[in-house]
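Residue numbers (the numbering used here): 2 to 534.
Using N, Cα and C, we set each Cβ at its ideal position, and we do this for glycine too.
Since the structure comes first, as structure tokens, the remarks are kept for the end.
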């Protein structure tokens with residue numbers, strides 16, 4: 002994917018939450034398996050294989066949908082459901098939602114309102130939203146929105162028993178592996194999307210500009226720097242990086258390129274393990290060899306103008322597609338979406354991480370917040386979104402005949418990318434492999450990039466490790482604040498003396514409790530490894 006926010010806000014928040022897209026997205030201290038800032042804000046057709054244990058539903062076979070199979074529930078009272086998603090809506094999203102509500106009125110005697118948490122604000126707004134007590138019936142949930150931490154704080158409802166009655170098809174679709182990864186202390190707090198992907202953030206760059214500059218490839222951060230340097234010298238009207246305030250810069254790119262893995266699956270966490278170590282020990286990234294040289298490089302790049310001087314207040318995550326930027330840091334899906342909007346740019350995607358992994362189950366999913374007043378109806382809605390093609394198509398692809406058409410060979414052809422781009426509006430939480438289409442117009446080298454991801458792929462022995470932060474919750478909150486307050490300026494070259502800035506960061510992180518965190522997390526990791534030999 003895939004993560005996204007403004008410095009003054011960042012200084013104030015605590016780790017109530019802590020997002021390649023991969024997702025497509027997130028550039029936080031997450032593992033590359035779950036980065037992506039979030040999520041999957043592009044279109045990749047069926048390039049990713051799903052794992053469906055429950056078989057296809059009647060509607061999944063391609064029908065138009067016959068409405069909800071209604072369990073023993075009184076639907077006589079009309080309810081208004083509220084769903085929160087990450088990102089921003091399409092131009093025609095309200096039009097599409099109106100079509101959804103026509104169907105919902107008939108099928109569930111309900112209407113749906115969709116609210117949005119922006120990419121540049123989700124780091125602050127998402128945890129505050131969950132803590133506010135506002136009645137919310139469904140919400141997008143992910144490792145990069147700190148699903149496990151929020152679940153343990155009581156933010157979500159345990160749907161294990163409710164789903165048996167109100168979302169049985171969806172429950173049956175969850176494979177044993179995904180179920181284990183989603184469970185938290187024996188509870189089921191979300192429905193994972195059941196959609197396997199390779200999680201790797203990379204460099205999305207305009208290929209036409211690379212050709213203009215005489216560049217043939219980008220293999221890591223240094224090559225990306227050469228590209229941005231060429232942009233500054235040849236196309237100064239463009240923002241070289243297209244980066245936004247909440248991403249935290251290239252820090253996670255640097256870490257993942259070393260083979261480091263963000264074991265805590267926590268946003269803005271400096272705690273990693275080395276995937277090349279047989280007996281991994283959790284370490285603090287800011288105490289490693291090479292980190293000072295990295296920050297010095299960021300200072301040099303910031304001075305050269307590789308990103309805006311006001312980047313810590315920049316919330317525009319669409320700079321590349323709007324023609325304001327030359328590149329973007331995100332995932333393969335996001336690349337596909339940009340390519341489809343601007344095929345004349347020959348947009349390219351280059352991998353970053355030393356290794357790739359299949360994303361964890363909760364890379365994408367949907368949860369019922371504890372504040373929901375209508376959990377039964379919410380789960381019935383989620384069942385429709387996951388298993389009924391007519392509902393899934395609407396919120397994934399738009400209105401047939403206006404936003405897309407199905408070709409004779411059963412592929413999806415977009416008709417109005419400005420109105421509603423396929424798979425671009427946080428439908429990832431309920432995406433279903435058996436309901437997806439290959440999309441006409443995706444990059445011709447999509448399969449080649451996919452193969453490169455597969456070639457780098459390794460089994461992730463830590464996929465089921467879900468740390469319990471309760472013993473160190475105060476320390477985690479403090480470290481998160483320190484990271485945002487002191488590492489962001491270092492990552493963007495705002496600190497005049499990187500060496501002194503790093504010393505300050507190190508001392509602040511240590512004073513906030515980093516050693517206690519590492520000791521507790523190492524104890525949990527050792528216990529996990531011993532139990533899973």
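| Asked | Found |
| --- | --- |
| Identify every residue that forms a DSSP beta bridge with residue 328. | 206 |
| Hey, quick one: how far does the beta strand (DSSP E) through residue 112 stretch, first residue to last? | 111 to 118 |
| Among the residues of its own chain, which have a CB less than 8 Å from the CB of residue 218, if the five just before and after it don't count? | 224 and 351 |
| Does the structure place the stretch 491 to 501 close enough to the stretch 170 to 186 that three or more beta carbon pairs sit under 8 Å? | no |
| Comparing C-alpha positions only, which one of 420, 255, 437 and 417 sits nearest to residue 387? | 437 |
| Please list the terminal residues of the continuous beta strand (DSSP E) segment that includes residue 219. | Careful: residue 219 lies outside any beta strand (DSSP E) and carries neither H nor E. |
| How far does the alpha helix (DSSP H) with residue 174 in it reach, from first residue to last? | 169 to 174 |
| Closest by CA to residue 86, which one among 415, 116 and 329? | 116 |
| Under the three-state reduction of DSSP, which class applies to residue 275: helix, strand or coil? | strand |
| Assign residue 426 to one of three DSSP states: helix, strand, or coil. | coil |
| In angstroms, rounded to a whole number, what distance separates the CA positions of residue 141 and residue 155? | 16 Å |
| In the DSSP assignment, what are the bridge partners of residue 348? | 207 |
| Buried or exposed: residue 194, going by 16 or more other Cβ atoms within 10 Å of its Cβ? | buried |
| What's the call for residue 448, buried or exposed, on a 16-neighbour Cβ count within 10 Å? | exposed |
| Would you decide whether residue 205 is buried or exposed? Buried here means 16 or more other CB atoms lie within 10 Å of its CB. | buried |
| Could you spell out where the alpha helix (DSSP H) holding residue 256 opens and where it closes? | 252 to 258 |
| When the Cα atoms are used, what is the spatial distance from residue 293 to residue 503? | 7 Å |
| How about residue 444 and residue 340: are their beta carbons less than 7 Å apart? | yes |
| Pull up the DSSP beta-bridge partners for residue 406, would you. | 414 |
| For residue 366, which residues from the same chain have a beta carbon less than 8 Å from its beta carbon, with the 5 sequence-adjacent residues on both sides left out? | 141, 142, 143, 148, 183, 191, 192, 193, 194 and 430 |
| For the beta strand (DSSP E) containing residue 81, name the first residue and the last one. | 80 to 87 |
| Should residue 28 be labelled buried (16 or more other beta-carbon atoms within 10 Å of its own) or exposed? | Annotation note: pLDDT 38 at residue 28 (below 50); position unreliable, coordinate value reported separately. So residue 28 counts as buried. |
| Can you tell me whether residue 458 is helix, strand or coil according to DSSP? | strand |
| At the level of alpha carbons, what is the spacing between residue 378 and residue 275? | 44 Å |
| Decide yes or no for the touch test of the stretch 278 to 290 against the stretch 331 to 346: beta carbon pairs closer than 8 Å, at least 3 of them. | no |
| Counting only the same chain and skipping the five closest in sequence on each side, list residues whose C-beta sits under 8 Å from that of residue 342. | 322, 418 and 422 |
| Determine the burial state of residue 520: buried for a count of at least 16 other Cβ atoms within 10 Å of its Cβ, exposed for fewer. | exposed |
| Between the stretch 308 to 324 and the stretch 236 to 255, can you find at least three pairs of beta-carbon atoms closer than 8 Å? | yes |
| Compare the Cα-Cα distances from residue 302 to each of 96, 415 and 493 and report the closest residue. | 493 |
| For residue 401, name the three-state secondary structure that DSSP assigns. | strand |
| Whole angstroms is fine: what's the gap from residue 514's alpha carbon to residue 480's? | 7 Å |
| How far does the beta strand (DSSP E) with residue 367 in it extend, from its first residue to its last? | 366 to 368 |
| Between the beta-carbon of residue 136 and the beta-carbon of residue 374, is there less than 7 Å? | yes |
| Express the C-alpha separation of residue 354 and residue 208 in angstroms, rounding to a whole number. | 21 Å |
| Nearest by alpha-carbon distance to residue 439: which of 402, 533, 467 and 394 is it? | 394 |
| Per DSSP, residue 137 is paired with what? | For residue 137, which the question treats as bridged, DSSP gives no partner whatsoever. |
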